[in-house]
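A.B. asks: Per the numbering used here, the very first residue in the sequence shown carries number 23; after that it's consecutive. Ideal placement from N, C-alpha and C gives every residue a C-beta, glycine not left out. Structure below; questions to follow.
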Amino acid sequence: MRCEDTDLIEIACMKSFILKITTNTRTYEGRAKDIVYNEHRIQCLVIEQNRALTQIALDTISEVTALTQNPFFQTIKLNAKT
C-alpha cells in the first residue's frame with residue numbers, strides 16, 4: 023500500500039468517515055476508527071459496525087469508498103494481496 027493511501031485512510035479515521043471497504047472476499051461498511059497492528063503484527067483498519075469493532079487487514083483491501091462527503095477522496099483503489 024502506498025504511503026499516500028495510508029495517509030488518506032488515517033484522515034478518514036481522524037474524521038470518522040463512513041466507509042465502504044472491499045476486500046478479496048467481502049465488502050464492509052462502517053465508521054473508520056483507527057489503524058492498528060493485530061496480534062499477528064498485521065496492520066489493520068478498525069471500523070465500527072453496529073456498535074462492534076471490526077479489524078480489516080490493510081493488505082487485503084482492494085478498494086475504499088468514502089460514503090461521507092469530504093474534500094480528500096471518494097474512492098481509493100489498492101493492490102490487495104490474494
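1) Spatial neighbours of Tyr-59 within its chain, please: C-beta separation below 8 Å, excluding the five flanking residues on both sides.
2) Any idea what DSSP makes of Thr-90, helix, strand or coil?
3) For Asn-85, which of helix, strand or coil comes out of DSSP?
4) Note the first and the last residue of the continuous alpha helix (DSSP H) segment covering Glu-32.
5) Report yes if the C-beta distance between Val-68 and Asp-81 is below 8 Å; otherwise report no.
C.D. replies: The relevant details are as follows:
1) Contacts found: Gln-65 and Cys-66.
2) Thr-90 sits in coil when the DSSP states are folded into three classes, being neither helix nor strand.
3) The amino acid occupying residue 85 in the given sequence is Glu; Asn does not appear at that position. Here DSSP, grouped into helix, strand and coil, assigns Glu-85 to strand.
4) Element bounds for Glu-32: 25 to 36.
5) Not closer than 8 Å, so no.
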